[in-house]
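Single-structure report; data block below.
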Amino acid sequence: MPLVRLLVLVVALAAVPAAAQRWREEHTRTFSERLLDAHNAERTRLGLPLLRWSDRLAGQAQAWADHQAYHGLYEHAEERHGAGENLWMGWTGTATPEQMIQAFIDERAYFRPGRFPDVSTTGDWHHVGHYTQLIWPDTEELGCAMAQGRGSEYLVCRYYPAGNVMTKRVP
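Numbering (the numbering used here), first residue to last: 0 to 170.
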């Protein structure tokens, strides 16, 4: 019986390093790296150029996220300096960065390639607008930021140059 306990202990301890490594990788990558990786995974799947992180865009996104969280708003900024914008809002602590971006990617279910705005199987481009911005072929830079307020998290992602341009082709 002591030999069985020892064997169980050895097997359990052997699994700990792998689990610890996964935890370290997930928790040592920065928030911005995780957001950028989530965007670029979808772009890679489609054969599109990877986005580069922009601290300038992230700063603009942070200012707007802070404004929304403070005022309890959920709306696009009027002035975006030529950048596109995706917004996500949810209860505090309920979503990972990857899940936030996956909400944009999930719009793929209604996407069809074509000339913007004729890119949705529903006939309404608003059903795929987050996704089309994420995969816009001319977009090169990304900057995102998050703020918390009133029990919610507000994620703002800015894209430069902006996507969702009328009559432009979306892959």
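Backbone N, C-alpha and C fix where the C-beta goes; we use that ideal spot for every residue, glycine too.
Alpha helix (DSSP H) runs wholly inside the segment 53 to 108, at least 4 long, in chain order:
54 to 70, 96 to 104
Within 8 Å of any Cβ in chain C, is that where the Cβ of T43 sits?
This model lacks chain C altogether, as it is built from one protein chain only.
Do D36 and A146 have their beta-carbon atoms positioned less than 8 Å apart in this structure?
no
DSSP state of R51, grouped into three classes?
strand
What did DSSP end up calling L34 once you bin it into helix, strand or coil?
helix
Take the Cβ of A68 as the centre, count every other Cβ of all protein chains shown within 10 Å, and call the residue buried at 16 or more, exposed below.
buried
Look up E140 in the DSSP assignment and give the residues it is bridged to.
R51, Y159
Same chain only: Cβ atoms within 6 Å of E24, ignoring 5 sequence neighbours per side
Because E24 carries a pLDDT of 48, less than 50, the predicted location of this residue cannot be relied on, and the following value inherits that uncertainty. Nothing listed; no residue qualifies.
Cβ-based burial, Y153 [other Cβ within 10 Å; buried from 16]:
buried
Just confirm the distance between the C-beta atoms of L56 and Y159, as a whole number of angstroms; I'd bet it's less than 8 Å.
6 Å
Could you check which residue in W90, S53, E77 has the C-alpha nearest to that of G71?
W90
Is it right to say R21 is buried, meaning 16 or more other beta carbons lie within 10 angstroms of its own, or is it exposed?
Note on R21: pLDDT 46, under 50, position unreliable in the model; no value is reported.
Are the segment 136 to 150 and the segment 105 to 119 touching, with three or more C-beta to C-beta distances below 8 Å?
no
Helix, strand or coil, according to DSSP, for L45 in the structure here?
coil
Relative to the C-alpha of R42, which candidate in D117, G128, Q132, R157 has its C-alpha closest?
Q132
Less than 8 Å between the C-beta atoms of G162 and G46, yes or no?
no
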